[in-house]
Amino acid sequence: MIRPGRLDKLLYVELPTPAERHEILKTLTKKTPLSLDVDLKNIAEDSRCEGFSGADLASLIREAAVSALRESIFFDSDSNVAPSVSKPDKRRYEALRVKFGGG
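Have a look at this one:
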């Protein structure tokens with residue numbers, strides 16, 4: 001965004017190279033626990049990251065963290081949350097539906 005009076009000169013900042021994206025990703029994830037199979041160098045060199053700015057990479061890291069958290073919560077809660085209808089109950093309900101002609 002260009003606004004008058006903010007800077008006297010227009011500065012062009014190039015998008016990061018794969019090596020620079022790798023450094024940015026390392027900086028962004030410094031305090032973030034990563035799975036052993038996460039390879040930041042491969043991510044930085046991936047063609048899908050071509051054209052990503054530092055802000056785009058930060059967004060990528062945030063989205064990945066949220067996605068991992070959702071998956072972790074799902075698998076962690078899976079053992080603590082039982083289905084409200086057991087398999088025998090479901091069979092019984094199906095039998096009642098057939099018996100009484102329900103949809």
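For the sequence shown, the tail end lands on 103 under UniProt numbering, and the numbers increase by one without skipping. Heads up, the beta-carbon is just placed ideally off N, CA and C, and yes, glycines get one too.
- The closest CA to that of Pro18, considering only Leu34, Glu50, Leu10, is found on Glu50.
- Residue burial is scored here from C-beta neighbours: Ala44 has at least 16 other C-beta atoms within 10 angstroms and is therefore classed as buried.
- The Cβ atoms of Leu40 and Thr29 lie closer than 8 Å to each other.
- The criterion of a C-beta distance shorter than 8 Å is not satisfied by Pro88 and Gly54.
- Annotated as distal: Leu60 and Ile24, with beta-carbon spacing of 8 Å or more.
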